[in-house]
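Residue numbers (our numbering), protein chains in the order written: chain A, 362 to 723; chain B, 7 to 158; chain C, 20 to 432.
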């Protein structure tokens, strides 16, 4: 009975949308199994967490007020008056952190496994863009509760662009909607967070997923030779079910964190109060923040901050262009230089992040 | 099919059916545990908006003329006064001197602070004593049989 | 049209000539040497000038004549510069004349001179003392500003400095045997800091306690009444307390004995009780009833403070965890008020009275604590809900896991 209804529905759809072509294409999708297959889960995990953010974000939108006067109170309202408001808010906060971490791990695993090599260059580029978009979500979103720590972290964060020559000040003013961080900044960040970034992310994500769909999963260079003989499992339903299990685990983790370690309310931002001691950015920006703190005031004839800024800018560009820079991988050869650089980058980021939190300022 | 294989496949399909039920059941449970909070969230709470801007301070006819009462405005006290004429006035009951709670004195027709003998008139203006600033005035509206006080 | 213009010009000129009352005193003195010109300099701001009065209205003479011999002729009423002895009556000629003052400022008082004669300054002045303060010592002479002007030496925030001009001068005060540390002490006091540093209008300056024109240090038995002007509750309690009579008999001034006077500090709880730093033990020795009462009252207040602090911590925890606690905060404010009332009740020096107030405050603090605990119970309820969710999640996970195994077996890896 069930099968009959199913085939009836499929026929109806097929007559109009040719779904059978798509379905038979999907049914053939396989996932290779090897030593490093575990990393295949992280992309889907990022997608799952993004969906969690979309849903909880839309729910929060029903009560959030994006003005300096009402933002903090509206969050307080959500957390204290709205049923399960505390849960939705803390899930949104925790899933954001987990999503940034997951996207980072996914990107690093792809980098180390050289999955960016031909023909998957565009997948890599869209992926790096998605990473930047995720960081943008984090930066814009963290200001929205309008509490003291968020306010001052944003002040420091947006102030950094000033070091860029020529356009630095213009960039600052555009970011902040004025000279200082005010309600105008909040409105811009809100617009970015709920409209601009979601639209861009969905578009780039679609591209990213379509590319993966057409090109299939990449295997690491070391296993390339055995690719044809390798064990492969069908994506539908085998790997997808495994994905679901992982997502279930992640969901349990996010909810557990929300219940046992809820996001605190904090104190409403007061632009005229002096900055509290120990302002820190969100953890995913800590490594950049720490680098800036350690930079000398001048390197050669240039300002220290500007050099660091330039350095990170070049690194970002380099990251996007990795597939085009790594000639050996392009040829299918081993590329120990890029492996070493990748590991160095990971170590640097992790170390700087830890230093930022553990080392007390002199 | 050989009899053992048939039995085996029957047991398998029985197992499969049980598994599908378990999966379906827990999926429904999971869906429920997601949809229930989401639905509760969407249903508007008691207080419709954030930022306490008005409260119900009392009922009409609760106060006699020329008496006052303290009511709660958020977490601070407010003073609702009914004048001899029947008209209502409302102020923040936080004395501007050292934040004691003021009270209405019908015998003086003034608002009085017991801590240091500060006195305010019925416009909230300081008449005598140490308070440096007037009492914040609120606006009063009568809605059916409720007295609604809101920030001016 | 041509004929109108000359007439208009004539009228304007005449008008302006008529508008300026001819005041030769000012015109002449302005041109003279420094000390003579100085008398005129302040006239622009002088309160008398603003009411249309000028030199001749006080000093007499004829301001319309340019000839000095005529304008400063005693025959024309010129009084000259009054001597120090003459000054009070000189000013009083107008300022004690109700009918005259009424023409300019009906609500202005006219009893200043009368009060001055009752003051220590006035009485010394009548005895012939020329060093003592009279009108111009505090108000200035030419360029007098009204007391409501913040630049005036008698504007409340400036009064202490004005009094200190003489009263902090050791040389001047030596012959009177008056100490000169009052201003320095006052500056460190809670009243002094409130008035001089924060500009708080409610804080007393010298004249609020000593009297204004009738300045006299309050007698021993009047001190508590003086303090009672602003602190009526404490005054009333003291009057009915077991301290009132003994203080009177011992010649001790109420309030001042424990709180000091010029250097009154913000009272702290450590002033009460039997530990070091308390004022009670300066009279009440260990074992006495007073000693026990002090210990009891301090203990009661500490108990209320402890309950309030515990409730405060609980509420803060609940708030950070996302609980709605505005009602609890409201009640907590009231507990603070009970603490204030308890501290005030100490002035009845009767432990049962203090304990009564403390009991009420503690009852409210208990209610608040219960509310805070209820809010935290909510946290437990959330965790229970999570447990239920976890059970569902785990069963879904197990089911999924088994399904994966099954599917792997079926459709082959």
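By construction, the Cβ of each residue, glycine as well, lies at the ideal position given by its N, Cα and C atoms.
Straight-line gap, residue i to residue j (C-alpha atoms, nearest Å)
i                      : j                      : result
residue 173 of chain C : residue 75 of chain B  : 41 Å
residue 706 of chain A : residue 592 of chain A : 33 Å
residue 632 of chain A : residue 511 of chain A : 11 Å
residue 455 of chain A : residue 624 of chain A : 8 Å
residue 113 of chain B : residue 417 of chain A : 57 Å
residue 48 of chain C  : residue 85 of chain C  : 11 Å
residue 273 of chain C : residue 218 of chain C : 28 Å
residue 40 of chain B  : residue 315 of chain C : 58 Å
residue 387 of chain C : residue 711 of chain A : 46 Å
Exposed unless 16 or more other CB atoms sit within 10 angstroms - verdict on residue i
i                      : result
residue 390 of chain C : buried
residue 536 of chain A : buried
residue 447 of chain A : buried
residue 153 of chain B : buried
residue 475 of chain A : buried
residue 59 of chain B  : exposed
residue 437 of chain A : buried
residue 687 of chain A : buried
residue 508 of chain A : buried
residue 38 of chain C  : Since pLDDT at residue 38 of chain C reaches only 49, below the 50 mark, its modelled position is unreliable, and the value read off the structure follows with that caveat. By the neighbour-count rule (16 or more Cβ atoms within 10 Å), residue 38 of chain C is not buried but exposed.
Sequence-distant residues of its chain with Cβ nearer than 6 Å to residue i (five each side left out)
i                      : result
residue 672 of chain A : none
residue 355 of chain C : none
residue 162 of chain C : 61, 64, 65
residue 299 of chain C : 313
Within-8 Å CB hit, residue i to chain C
i                      : result
residue 393 of chain A : no
residue 442 of chain A : yes
residue 577 of chain A : no
residue 136 of chain B : yes
residue 123 of chain B : yes
residue 367 of chain A : no
residue 588 of chain A : no
residue 637 of chain A : no
Member of the options whose CA lies at the smallest distance from the CA of residue i
i                      : options                    : result
residue 440 of chain A : A:421, A:679, A:430        : A:421
residue 288 of chain C : C:425, C:269, C:319        : C:319
residue 13 of chain C  : A:399, A:620, A:540        : Nothing about residue 13 of chain C can be read from this structure; chain C reaches only from 20 to 432.
residue 321 of chain C : C:361, C:299, C:81         : C:361
residue 574 of chain A : A:586, A:538, A:597, A:417 : A:597
residue 425 of chain C : A:714, A:630, A:599, A:641 : A:599
residue 126 of chain C : C:118, C:194, C:216        : C:118
residue 381 of chain C : C:277, C:402, C:353        : C:353
residue 350 of chain C : C:384, C:194, C:378        : C:384
residue 155 of chain B : B:107, B:64, B:138         : B:64
residue 230 of chain C : C:285, C:337, C:136        : C:136
Test: residue i CB closer than 8 Å to a CB of chain B
i                      : result
residue 459 of chain A : no
residue 418 of chain A : no
residue 406 of chain A : no
residue 339 of chain C : no
residue 364 of chain C : no
residue 175 of chain C : no
residue 713 of chain A : no
residue 115 of chain C : no
residue 445 of chain A : yes
residue 412 of chain C : yes
Close beta carbons around residue i, own chain, < 7 Å, minus the five adjacent residues each side
i                      : result
residue 166 of chain C : 173, 174
residue 578 of chain A : 392, 393, 401
residue 397 of chain A : 474, 581
residue 372 of chain C : 364
residue 96 of chain C  : 79, 80
Own chain residues within Cβ distance below 8 Å of residue i, not counting five before or after
i                      : result
residue 493 of chain A : 677
residue 611 of chain A : 406, 409, 410, 459
residue 140 of chain B : 102, 126, 129, 130, 131, 132
residue 339 of chain C : none
8 Å Cβ cutoff, residue i in contact with chain A
i                      : result
residue 79 of chain B  : no
residue 170 of chain C : no
residue 38 of chain C  : Confidence at residue 38 of chain C is low in this model, with a pLDDT of 49, below 50, so its placement is unreliable and the value that follows should be read with caution. No, residue 38 of chain C does not count as interfacial toward chain A.
residue 24 of chain B  : no
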